[in-house]
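S.K.:
Chains as they are written, first to last, in our numbering: chain A, 510 to 1026; chain B, 1459 to 1804.
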């Protein structure tokens, strides 16, 4: 009896930390700013509903189309990395991740230089560019873990390759397809920089409109209404996702050490075509960056042309990323432990709420910090706000990456340990931790790169003027002169290289047993 | 035990610090500014202020000017800093309406030319100004053997309108400034006709300054030889050239410039209004003012401050730039931008 209640208290503690973090840094500021806005809501000006509907509809359909196009674009490479082992695969996986973390302003400028803009096509292309990595990594890594015997069995029973794909592979990949789709949808549904830079004024998403109402026109009530509409859209998507997962998960077998074959003959050609084609397409905007950066590296670190010190910016970025990653890892793994051990409505809600920051207006969160976080300490201008904001965005990834690994742990192992007298803490440390440590490393890598590239949310948080890589890029880009432009491009290439390096490093630890991203 | 007593002493100090007399000199002041100012602040920026007064200056970056003023409005009376800098004339009305400032009249206000003193002088102090002007690519005009336009009216001709790129006023601050310049020139009745002509002539609209300047301007491989930029852009081209150059590759067209003034004020609710006022006076001093051009590429508000050589040689300060009353801008901006968008985006 005593033992039982102690265990329950233990779980409560595990739940309390992520709940408090999310409550204090997300739900409370959001509630405060929304309440402030909605309480002042007067009679709406005429035409507001009209605009709201128009913006809401555009936000929705461009997100759906972007998501669909991202899947189409990512399909060949996902197939290649999912089905085969080949030389250079890890490097390819690292390279495909680079666009995901590049600052919007840099990519926007590259797209503009290519003459793509002011059209829905440019917006969709940029969304695909940013999100291909999400699909390739999430779906590809699950594909590699499918039991090859199942596929062989289907084939030997006379199924054509197409039938195998449709009847066996795709159904088995459903959890990761749904996860990738929901993440891409969230990112494109709340798209801000891409729309602003490539869409001009005629294409506004809810996020752009929230910014415009709150920051340009100071119509906080209307901005709050739009933030609520956006939240409803995001919550609906997350609800559908969790319902879907519930119905379709747990039905697939994980092969812990799937033997992924080397491609032979014709398939070899296809694999290399798919990978090279995808990387080449992604490289087009990147190429503009590299070309623009030539000859500027010495300027960047040499002369006193830069007022801010790029070395210091890189150090600041790495420090911020480290703090954000540690926080995200601790909070995210506690949450994942909870969700994986406890099935039930509450833990499902918890899982969904953890995803919410990915789909919440950065403007609303930033302004929420400003109105809410003066209690119990005045944190409104504190050094820790930016890493905390980054952690909020990284936590969903940590949960998504570590959850499958935690779920794949055989409960008998834990039970055996408990029976032998291990305390729950000891069970976690001796059984769970070693088995999820690789996933934790991958999650750390992702938290680091998410923080390194984050610019949107950062710019709405008041922060000490310690430049980070993205803010320094932005500043260099907003100054005339050839060397300013060159240095901005050079710093972007450095950011891209850092990202690729971190991903390459964590992918060394990626084995068959982990990871959904 | 030792730890506890240390903690208690710490707590006592904290309480003392919080409840300290407001007249006391603080150890540090916090200055909140928009990103483009804050990001260029170095240790030297306020070094001599700290030396003179013993007060350190911590700088907070708060997004763009609009975002900063929004934050200040939401925290009016309970500010996150002591001084705010970087409110421009397009956002000044909001800051004043929301009572974010407390009184301080700078002892140097008389050295600021009358034309920059657009706000109530007991609340806000002009610190710098920037002129948004059309820039042209000298080489392109020489090769095309075209005269450089000298009046906004000249641009109605296709050969100029089709060579021009402007920023969208809804998403870009120079874009808004240039729209205001045309409204001042052609009046509330005439500006739409003017833009209709520009549109017919093929003017290009870019979402922001970056993409206009680095994407469309002929100097950077684009196809537009006229770009809405700043009067300080040509000197910046010289200072940030990859190879040293003697002459600026771009020039400023003096007609159709709009002057943006940036103000500083003491935030209402600060514990140290007096020291905060001293900081504003320091920012208006000749010593600080002369560092402004090369750090932020805007011009000093104090008329006694000398300009650096690059600015004297490579740019012009337009004699009669357009300017509006901040309240008039606040009242009409939404309508103007909407009308402009309806015309240009369709």
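Virtual Cβ for every residue (Gly too), placed ideally from N, Cα, C.
All values reported here derive from a predicted model rather than from experimental measurement.
Would a check of beta-carbon distances place residue 571 of chain A closer than 8 Å to chain B?
M.R.: For this step, residue 571 of chain A is matched to residue 62 along the first chain. So, not an interface residue.
S.K.: Can residue 719 of chain A and residue 632 of chain A be called in contact, C-beta distance under 8 Å?
M.R.: The residue given as residue 719 of chain A occupies position 210 in the first chain. The residue given as residue 632 of chain A occupies position 123 in the first chain. Not closer than 8 Å, so no.
S.K.: Measuring straight from C-alpha to C-alpha, what distance separates residue 1582 of chain B and residue 1590 of chain B?
M.R.: The count along the second chain starts at 1 and reaches residue 1582 of chain B at position 124. The count along the second chain starts at 1 and reaches residue 1590 of chain B at position 132. Their backbone Cα atoms lie some 22 Å apart in a straight line.
S.K.: Under 8 Å, with one C-beta from each stretch per pair, do the segment 919-929 of chain A and the segment 876-895 of chain A reach the 3-pair mark?
M.R.: They do not touch, by the three-pair rule.
S.K.: Taking 7 Å as the limit between beta carbons, can you name the residues of its chain near residue 975 of chain A, skipping five residues before and five after?
M.R.: Mapped onto the first chain, residue 975 of chain A falls at position 466. Around residue 975 of chain A: 825.
S.K.: Identify each residue in the segment 987-1001 of chain A for which the Cβ-Cβ distance to at least one residue of chain B is less than 8 Å, and report them in chain order.
M.R.: Residues 987, 988, 989, 990, 991, 992, 993, 994, 995.
S.K.: List the endpoints of the continuous alpha helix (DSSP H) containing residue 1672 of chain B.
M.R.: Here residue 1672 of chain B is taken as the residue at index 214 of the second chain, counted from 1. That residue, residue 1672 of chain B, is in no alpha helix (DSSP H); it is neither H nor E in DSSP.
S.K.: For residue 1717 of chain B, which three-state DSSP category applies?
M.R.: As a working note, residue 1717 of chain B is residue 259 in the second chain. Of the three classes helix, strand and coil, the one that applies to residue 1717 of chain B here is strand, per DSSP.
S.K.: By the DSSP assignment, the beta strand (DSSP E) with residue 533 of chain A in it spans what residues?
M.R.: As a first step, residue 533 of chain A must be located in the first chain, where it is residue number 24. That residue, residue 533 of chain A, is in no beta strand (DSSP E); it is neither H nor E in DSSP.
S.K.: Tell whether a beta-carbon distance below 8 Å holds between residue 1748 of chain B and residue 1759 of chain B.
M.R.: Against the second chain, residue 1748 of chain B aligns to sequence position 290. Against the second chain, residue 1759 of chain B aligns to sequence position 301. Contact flag unset, no.
S.K.: Going along the chain, which residues of the segment 596-624 of chain A sit with their C-beta nearer than 8 Å to a C-beta in chain B?
M.R.: Answer set for the segment 596-624 of chain A: 614, 617, 618, 621, 622.
S.K.: On the DSSP letters alone, give me the boundaries of the alpha helix (DSSP H) that residue 1494 of chain B sits inside.
M.R.: For this step, residue 1494 of chain B is matched to residue 36 along the second chain. That run of the alpha helix (DSSP H) goes 1493-1496.
S.K.: Should residue 1767 of chain B go down as buried or exposed, given a rule of 16 or more other Cβ atoms within 10 Å for buried?
M.R.: Looking up residue 1767 of chain B in the second chain gives position 309. Residue 1767 of chain B should be labelled exposed.
S.K.: Return the bridge partner residues of residue 1543 of chain B from the DSSP annotation.
M.R.: Taking the second chain and counting its residues from 1, the one referred to as residue 1543 of chain B is at position 85. Residue 1543 of chain B is bridged to B/1491, B/1722.
S.K.: To which residues of the same chain is residue 1743 of chain B closer than 7 Å at the C-beta, ignoring the five residues directly before and after it?
M.R.: Reading the second chain from its first residue, position 285 is the one you call residue 1743 of chain B. Taken in chain order, the residues that qualify are 1566.
S.K.: How is residue 952 of chain A classed by DSSP in three states: helix, strand or coil?
M.R.: Taking the first chain and counting its residues from 1, the one referred to as residue 952 of chain A is at position 443. Here residue 952 of chain A sits in helix by DSSP.
S.K.: Report the residues of the segment 947-980 of chain A with a CB closer than 7 Å to any CB of chain B, ordered along the chain.
M.R.: Going along the segment 947-980 of chain A in chain order, one finds 968, 969, 971, 972, 973, 974, 976, 980 with a Cβ nearer than 7 Å to chain B.
S.K.: Using the rule of at least 16 other Cβ atoms within 10 Å of the residue's Cβ for burial, across every protein chain shown, is residue 909 of chain A buried or exposed?
M.R.: In the first chain, residue 909 of chain A corresponds to position 400, counting from 1. Buried.
S.K.: Once DSSP output is grouped into helix, strand and coil, what is the label at residue 1525 of chain B?
M.R.: Within the second chain, the letter at position 67 stands for residue 1525 of chain B. Correct three-state label for residue 1525 of chain B: helix.
S.K.: Give, in chain order, every residue of the segment 1642-1668 of chain B whose Cβ lies closer than 7 Å to some Cβ of chain A.
M.R.: Cβ contacts with chain A come from 1663, 1665, 1666, 1667, 1668.
S.K.: Which chain B residues sit within Cβ distance under 8 Å of residue 559 of chain A?
M.R.: Along the first chain, one-based indexing puts residue 559 of chain A at 50. Ordered by position in chain B, no residue passes the 8 Å Cβ test against residue 559 of chain A, which lies about 13 Å from the chain.
S.K.: Going by the CB atoms, is the gap between residue 1733 of chain B and residue 1500 of chain B shorter than 8 Å?
M.R.: The residue you call residue 1500 of chain B lines up with position 42 of the second chain. The residue you call residue 1733 of chain B lines up with position 275 of the second chain. Contact: no.
S.K.: So, is the C-beta of residue 1682 of chain B closer than 8 Å to a C-beta in chain A?
M.R.: The residue given as residue 1682 of chain B occupies position 224 in the second chain. Not closer than 8 Å to any Cβ of chain A, the Cβ of residue 1682 of chain B fails to qualify, so no.
S.K.: Between the Cα of residue 596 of chain A and the Cα atoms of A/785, A/833, A/958, A/902, which residue gives the shortest distance?
M.R.: For the purposes of this step, residue 596 of chain A is identified with residue 87 of the first chain, where counting begins at 1. Measuring from the Cα of residue 596 of chain A, the nearest candidate turns out to be A/785.
S.K.: For a test of the three-state rule: what should DSSP assign to residue 849 of chain A, helix, strand or coil?
M.R.: Here the question's residue 849 of chain A lines up with position 340 in the first chain. Reduced to three states, the DSSP call for residue 849 of chain A is helix.
S.K.: Listing by chain order, which chain B residues have their CB less than 9 Å from the CB of residue 984 of chain A?
M.R.: Translated into positions along the first chain, residue 984 of chain A becomes position 475. Per Cβ cutoff of 9 Å: 1493, 1494, 1497, 1498.
S.K.: Considering Cα atoms alone, identify which of A/569, A/615, A/734, A/899 is closest to residue 841 of chain A.
M.R.: On the first chain, residue 841 of chain A is found 332 positions in, with the first residue counted as 1. It is A/899 whose Cα lies nearest to the Cα of residue 841 of chain A.
S.K.: Could you tell me if residue 529 of chain A is buried or exposed, where buried requires 16 or more neighbouring beta carbons within 10 angstroms of its beta carbon?
M.R.: As a working mapping, residue 529 of chain A is identified with position 20 in the first chain. Residue 529 of chain A is exposed by the Cβ-count criterion.
S.K.: Would you mind reading off the limits of the beta strand (DSSP E) that contains residue 1687 of chain B?
M.R.: Start at 1 with the first residue of the second chain, and residue 1687 of chain B comes out as number 229. Note, residue 1687 of chain B: beta strand (DSSP E), 1684-1688.
S.K.: Which bits of chain B does residue 562 of chain A rub up against, with CB to CB less than 9 Å?
M.R.: Locating residue 562 of chain A in the first chain gives position 53, counting from the first residue. Within chain B, no residue comes near residue 562 of chain A; the closest Cβ sits about 18 Å away, beyond 9 Å.
S.K.: Would you mind sorting residue 1605 of chain B into buried or exposed? The rule is 16 or more other CB atoms within 10 Å of its CB.
M.R.: Taking the first residue of the second chain as 1, we reach residue 1605 of chain B at position 147. Exposed.
S.K.: What residues from chain B crowd round residue 879 of chain A, counting only those whose CB sits closer than 8 Å?
M.R.: Within the first chain, residue 879 of chain A is the residue found at index 370, counting from 1. Here the neighbours are 1529, 1532, 1533, 1538.
S.K.: What are the uninterrupted segments assigned as alpha helix (DSSP H) that are 4 or more residues long and contained completely in the segment 643-683 of chain A, given in chain order?
M.R.: Whole alpha helix (DSSP H) segments, 4+ residues: 657-665.
S.K.: Taking DSSP as the reference, what is the three-state secondary structure of residue 810 of chain A?
M.R.: By one-based count along the first chain, residue 810 of chain A stands at place 301. Three-state DSSP puts residue 810 of chain A in a helix.
S.K.: Please determine, among B/1533, B/1711, B/1639, B/1653, the residue with the shortest C-alpha to C-alpha distance to residue 1782 of chain B.
M.R.: In the second chain, the residue the question calls residue 1782 of chain B occupies position 324. Comparing Cα positions, the closest option is B/1639.
S.K.: Is it buried or exposed for residue 518 of chain A, if we count other Cβ within 10 angstroms and need 16 for buried?
M.R.: By one-based count along the first chain, residue 518 of chain A stands at place 9. Result: exposed.
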